[in-house]
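Chemist:
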Amino acid sequence: MTMEQVQTLERNETKMVGYTVTVSLNQDLEARIIGRLREELFGKRHEIANRLDDDGIYLVQVYPDGEWTPDVPFVSIVALEVSDFTHIPEGLVRHTIPAGKYVKVTHKGPESQIGETYDSIRDKDICGSRPFDFEYWADIDSLDQEESTIDIYLPLEA
0 MTMEQVQTLE RNETKMVGYT VTVSLNQDLE ARIIGRLREE LFGKRHEIAN RLDDDGIYLV
60 QVYPDGEWTP DVPFVSIVAL EVSDFTHIPE GLVRHTIPAG KYVKVTHKGP ESQIGETYDS
120 IRDKDICGSR PFDFEYWADI DSLDQEESTI DIYLPLEA
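With numbering that gives the first Met the number 0, you'll find the sequence shown wraps up at 157, consecutive numbering, no jumps.
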């Protein structure tokens with residue numbers, strides 16, 4: 000696992016449609032909840048109107064106020080980017096990532112080691128505390144491979 004490229008960039012608003020769940024990190028690791036939602040969403044992608052990318056999937060993580068530990072539940076949204084919200088299939092939700100400045104960190108290595116990248120982000124104080132962050136998985140079929148890359152975006156406060 001390596002943490003590559005740390006850069007600051009401007010992002011436009013991102014509209015997305017997908018699944019949401021509130022669980023702790025430990026619950027997810029034990030039951031593989033996010034992985035199952037990702038696979039289900041990928042299988043349903045053709046039902047989502049106005050998709051902008053055939054393969055890329057987002058994971059938005061919205062954290063509660065207060066100290067976070069792996070046992071504290073938080074909101075996770077597994078979603079595909081869309082141009083608008085004209086048709087949302089039953090059972091899915093809509094979410095918008097706000098425009099603004101973000102720090103982008105690229106995790107290189109298996110998804111199972113991404114916790115080490117988040118530890119490095121924290122240890123190097125790259126972005127302090129934040130209300131949310133999100134990951135972009137360009138190719139979900141390669142997530143367990145050494146060559147896999149996952150982009151992590153951390154919002155910078157204005």
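For every residue, glycine included, the Cβ atom is placed at its ideal position computed from N, Cα and C.
Every value quoted in this text rests on a predicted model; they were computed, and no experiment measured them.
Hey, which unbroken runs of the beta strand (DSSP E) at 3 residues or more fall wholly within the region 23-110?
Modeler: Listed in chain order, the complete beta strand (DSSP E) runs (minimum 3 residues) inside the region 23-110 are 56-61, 73-81, 92-96 and 99-107.
Chemist: Around the Cβ of Ala157, are there at least 16 other Cβ atoms within 10 angstroms (buried) or fewer (exposed)?
Modeler: Per-residue confidence for Ala157 stands at a pLDDT of 47, beneath the threshold of 50, marking its modelled position as unreliable; the derived number appears in the next sentence. Under this definition Ala157 is an exposed residue.
Chemist: I'd like the span of the beta strand (DSSP E) that includes Ile151, first residue to last.
Modeler: Thr148 to Pro154
Chemist: Leaving out the 5 sequence neighbours to the left and right, which residues in its chain are closer than 7 Å to Val5 when beta-carbon positions are compared?
Modeler: Val102, Val104 and Ile125
Chemist: Check whether the region 73-83 touches the region 14-28, taking contact to mean three or more Cβ pairs, one atom from each stretch, closer than 8 Å.
Modeler: Touching, per the Cβ criterion.
Chemist: Measuring alpha carbon to alpha carbon, tell me which residue in Val59, Thr13 and Thr68 is nearest Asn25.
Modeler: Thr68
Chemist: CA-CA distance, Leu58 and Asp118?
Modeler: 18 Å
Chemist: Using DSSP bridges, identify the partner residues of Glu134.
Modeler: Leu58 and Ile151
Chemist: Given a cut-off of 8 Å on the beta-carbon distance, is the pair Trp136 and Ile56 in contact?
Modeler: yes
Chemist: Out of Leu155, Ile149 and Ile87, which has the shortest C-alpha to C-alpha gap to Arg129?
Modeler: Leu155
Chemist: Return the residue from the list His106, Asp122, Arg50 and Arg93 that minimises the CA-CA distance to Asp143.
Modeler: His106
Chemist: Please state the DSSP three-state secondary structure of Glu9.
Modeler: Correct three-state label for Glu9: strand.
Chemist: Identify whether Gly114 lies in helix, strand or coil by the three-state DSSP scheme.
Modeler: helix
Chemist: Exposed or buried, Val81, counting other C-beta atoms within 10 Å across all chains shown (16 or more means buried)?
Modeler: buried
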